[in-house]
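Inspection log for the structure reproduced underneath, given as structure tokens.
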């Protein structure tokens with residue numbers, strides 16, 4: 020048990036050295052870190068919002084908007100399907116939480132039901148009960164109409180996928196701002212928590228997150244003016260859109276020529292002639308083909324660029340645009356052009372977000388917390404070292420050395436993972452260091468029992484480690500399970516505590532069992548070489 024092969028000694032030493040290399044920049048001055056070679060790790064552990072300061076937002080998603088968008092698409096699908104089957108209808112629209120259609124001929128009902136059933140898809144099921152859930156239910160009403168409505172399981176799944184898409188889009192937008200370690204997570208049914216450490220411009224953050232950023236390109240309806248459309252009625256297939264600057268309205272074809280999701284890039288730039296800020300965009304192959312064909316057929320005619328149902332620009336097509344790229348102009352400032360480019364690159368939000376709570380955490384509070392945490396960690400570590408040396412003598416000193424290695428490895432791993440250290444994380448760090456010696460206590464007490472039983476020092480040490488290791492692993496695994504559950508179900512502060520605690524469990528097992536055993540083995544070899552009588556000082 021106390022025999023270490025050479026490769027094991029080198030492996031343990033290498034792991035400890037790597038931990039020291041990654042942890043060292045955390046205590047180095049900035050000038051020292053800059054002087055390190057380019058291949059040397061220079062990163063420090065990321066500080067969370069409560070330590071570094073930054074912006075906090077609580078956002079509420081428009082869940083009804085997600086459902087309304089689905090019903091709108093469902094209505095379009097039903098209309099398209101019935102037209103393809105050449106089934107006439109007298110009325111078709113949203114009603115009763117679904118889409119209701121009234122047929123012209125009752126004898127077409129069977130054909131209509133058969134066609135509409137092609138829209139039904141399986142959305143989930145249980146392998147235990149054998150029950151299967153579907154996205155739509157199709158029912159015949161007493162008045163002869165047919166109601167196509169989403170099921171409760173499908174609505175739940177749609178909200179879940181919509182919230183997931185929202186979180187990913189919000190995270191992409193924040194990443195475009197150049198921040199590190201933003202926390203974006205779902206809270207409850209329809210809320211999203213956003214924490215951006217070190218970001219001191221909450222207004223820009225709100226501007227980036229407040230827009231849905233649904234971009235589309237539309238043909239301008241020149242059959243009448245918007246005012247005439249209000250008086251005589253909007254032509255079928257058209258719609259009146261307001262402008263972003265409030266200068267006037269536009270009558271546009273409702274069907275988009277190219278959708279914003281066919282954009283592959285958007286960058287802020289400057290117009291070559293006017294030097295005004297603009298946004299340059301580029302389509303994918305499909306979008307470029309549609310845009311090129313449209314501009315070929317509509318030379319000298321205007322087309323509109325619509326963002327979030329508002330016209331931001333309505334330029335005239337001077338010549339065909341066949342390269343799949345162009346510019347968006349709209350009296351932008353440099354900041355607004357950059358924000359719009361960020362929105363377009365990150366994609367549109369599936370639904371709108373409302374800011375329910377906003378907080379800005381100052382860096383001064385964070386530095387005070389760091390200093391308090393540093394003092395608490397130092398006092399706790401010194402207290403543990405004092406107790407271990409007092410209780411176990413030389414072996415307590417060995418355990419204290421392993422405790423220091425534990426702290427170095429813990430910081431090294433968090434730095435390498437670029438995990439965020441929060442105020443609860445500091446509490447988890449102090450708790451980890453305080454409890455790290457529990458494993459050594461188990462081993463040392465087992466060694467005492469073996470000595471009382473009359474075994475020699477070497478046999479007692481070997482037996483103490485071999486018999487205590489199972490108990491150590493069992494106790495640490497139960498704590499690890501608790502940490503995983505806290506990270507899975509908890510919010511930001513709980514997750515910060517869980518991350519530090521979980522990493523600390525692995526470093527504790529490694530140092531308390533492996534590193535301490537190696538130190539004792541080296542000490543025993545040293546004593547044997549000098550032919551000293553070995554007395555276990557516990």
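Residue numbers (our numbering): 20 to 557. Positions of the beta carbon are idealized from the N, C-alpha and C atoms, including for glycine.
Please classify residue 48: does DSSP put it in a helix, a strand, or coil? coil
Is residue 329 helix, strand or coil when you go by DSSP? strand
Just verifying my parser: in three-state terms, what is the DSSP assignment at residue 336? coil
According to DSSP, is residue 106 helix, strand or coil? In the structure shown, the three-state DSSP call for residue 106 is coil.
Every unbroken beta strand (DSSP E) inside the region 52-139 [3 residues or more]: Listed in chain order, they are 73-80, 108-114 and 117-122.
Taking just the CA atoms, how far does residue 97 sit from residue 319? 36 Å
What residue range is occupied by the uninterrupted beta strand (DSSP E) comprising residue 171? Where residue 171 is concerned, there is no enclosing beta strand (DSSP E), although the alpha helix (DSSP H) it sits in stretches over 171-195.
Anyone know if the C-beta pair for residue 131 and residue 101 falls short of 8 Å? yes
Tell me the residue span of the beta strand (DSSP E) that contains residue 373. 372-380
Taking a contact to mean a Cβ-Cβ separation below 8 Å, would you say residue 125 touches residue 163 in this structure? yes
By DSSP, does residue 341 sit in helix, in strand, or in coil? coil
Going by alpha carbons, who is nearest to residue 559 out of 548, 529 and 191? With the chain covering only 20 through 557, there is no way to say anything about residue 559.
Where do the N-terminal and C-terminal ends of the alpha helix (DSSP H) with residue 469 fall, by residue? 457-471
Of the residues 533, 128 and 496, which one's Cα is nearest the Cα of residue 17? Lying before the first or after the last residue shown, residue 17 is absent from the chain, which here runs from 20 to 557.
Validate contact between the region 425-438 and the region 449-456 using beta carbons, cut 8 Å, 3 pairs: Verdict: yes, contact present.
Within 10 angstroms of the Cβ of residue 305, are there 16 or more other Cβ atoms? Answer buried if so, exposed if not. exposed
Kindly list the residues whose CB is nearer than 6 Å to the CB of residue 445, restricted to its own chain and excluding five residues on each side of it in sequence; keep chain order. 392
What whole-angstrom Cβ distance do residue 417 and residue 491 have, given they're in contact under 8 Å? Not a contact, Cβ separation roughly 16 Å.
Helix, strand or coil for residue 230 per DSSP? coil
My guess is that residue 166 and residue 117 are in contact by the Cβ rule of under 8 Å, so how many angstroms apart are they, rounded? Contact between residue 166 and residue 117 holds, since their C-beta atoms are separated by about 5 Å, short of 8 Å.
Residue closest to residue 503, alpha-carbon to alpha-carbon, out of 489, 488 and 519: Comparing alpha carbon positions, the residue from 489, 488 and 519 closest to residue 503 is 519.
Below 8 Å, can you find three or more Cβ-Cβ pairs linking the region 169-186 to the region 33-53? no
Between the alpha carbons of residue 196 and residue 127, how many angstroms are there, rounded? 56 Å
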